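S.K.: Would you mind keeping the following structure in view while I ask a few things?
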Amino acid sequence: MITLENVIYSYGESSEQIKAVDELSLTIEEGQHVAVIGPNGSGKSTLARLLNALLIPQRGRVLVDGMDTRDKDKWWNIRQKVGMVFQNPDNQIIATSVEEDVAFGPENLGLPPGEIAERVKEALSLVSMEHLKDRAPHNLSGGQKQRVAIAGVIAMRPKYLVMDEPTAMLDPQGRREVLAAVEFLKKKGMGVIFITHFMEEAASADRVLVMHRGRIVLDGEPRWVFEQEDLLREINLDIPPITALANDLRREGVPLPGSLLNVEELVDALWHLLN
Ligand code: ADP
Ligand code: MG
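Structure below.
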């Protein structure tokens, strides 16, 4: 479990400095898939960095499985438990082959070679990249690079995986590949904290957190969160495209049920109306 208690973080020293994270309290359970959305500058990346002790709260505290991130002696353990994937796959590639790149983390953990090889194989197969293990990472597509970055993190066997807009720089094909990898990890029981500005990506989470000015303004199941259309619009967030389409159809007189989140649900609802 990850717990934040009244966490405050602001960049810089001055007191007029806006708080990037402002009195935030939150609990994330092991294995939970949480999507974090919010307008630019709302504090999502700051929150992500607070979760694995890349940033330390100025007030309040963050506990990762009971370990306080203010405690320097725990940083190594905390960062092993909370893996991070960032937006730009190019900045996360270190080695000259895919396999070596994924091995980098486990090597730093000082694991025996047999164990490293096993973890690399497993991690690459989890993101469907085993067939490209000998390739040079810089020649891969964005989606493939990002999957290598994910494999590198999961080869360290973290308990929580924090992803900060991992699909933002990818083309639609790359996005689909990364989302498929994340879905697969979820099925395997890994907790994922997924920051995104694509509303439809948040629709498949167990729980959606909406951030605004360093605070959480909505926290709940996607269906409920995306029913709060007025509040979302007030802070310049959209609802998923399919939810918006269903709402338009309803306004045009099509008697659809409330808040549909994806194509399957919309097709089902239309099918029921026709039958
Ligand atoms: P998000 O990821 O939601 O876009 P961030 O956590 O990056 O939000 O930023 C939250 C606030 O902190 C914003 O006002 C941003 O301008 C500010 N901020 C973020 N990083 C820095 C930094 N390195 N130095 C100064 N201010 C920063
Ligand atoms: Mg950000």
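Note that our numbering has the sequence shown beginning at 104, numbered continuously upward.
We put the beta carbon where it would ideally sit given N, CA and C, even for glycine.
Just so it is clear, the structure is predicted and the values come from calculations on it, not from any experiment.
Determine whether the beta carbon atoms of Arg-318 and Ala-284 lie at a separation below 7 angstroms.
M.R.: Cβ atoms of Arg-318 and Ala-284: not closer than 7 angstroms.
S.K.: Reducing DSSP to helix, strand and coil, say where Asn-242 ends up.
M.R.: It is helical.
S.K.: Taking the Cβ atom as the reference point for each residue, do Thr-130 and Thr-106 lie within a distance shorter than 7 angstroms?
M.R.: In contact: Thr-130 and Thr-106 (Cβ atoms closer than 7 angstroms).
S.K.: Quick one: does Tyr-114 have its CB under 7 angstroms from some CB of chain D?
M.R.: Although the question refers to chain D, the structure presented lacks it and comprises just one protein chain.
S.K.: Under DSSP, the alpha helix (DSSP H) around Phe-207 begins and ends at which residues?
M.R.: Residues 201-211.
S.K.: With a cut-off of 8 angstroms, do at least 3 Cβ pairs link the segment 225-244 to the segment 165-181?
M.R.: Touching, no, given that fewer than three Cβ pairs across the two stretches are closer than 8 angstroms.
S.K.: Under 6 angstroms: does the beta carbon of Gly-292 sit that close to some heavy atom of the ligand ADP?
M.R.: Checking the Cβ of Gly-292 against the ligand ADP gives no.
S.K.: Could you check how far apart the C-beta atoms of Gly-246 and Glu-280 are, in whole angstroms? I think they sit under 8 angstroms.
M.R.: About 4 angstroms; that satisfies the 8 angstroms criterion.
S.K.: By alpha-carbon positions, which one of Ala-349, Val-201, Phe-287 and Asp-174 ends up nearest to Leu-134?
M.R.: Residue identity check: residue 134 is Gly in the sequence provided, not Leu. Per the Cα distances, Phe-287.
S.K.: Given Ile-197, which residues of its chain have a CB within under 7 angstroms of its CB, disregarding the five upstream and five downstream residues?
M.R.: Here the set comprises Asp-204 and Phe-207.
S.K.: State the CB to CB distance for the pair Asp-125 and Ile-140, rounded to an integer number of angstroms; the pair is presumed to be in contact (CB under 8 angstroms).
M.R.: That pair is no contact at about 17 angstroms.
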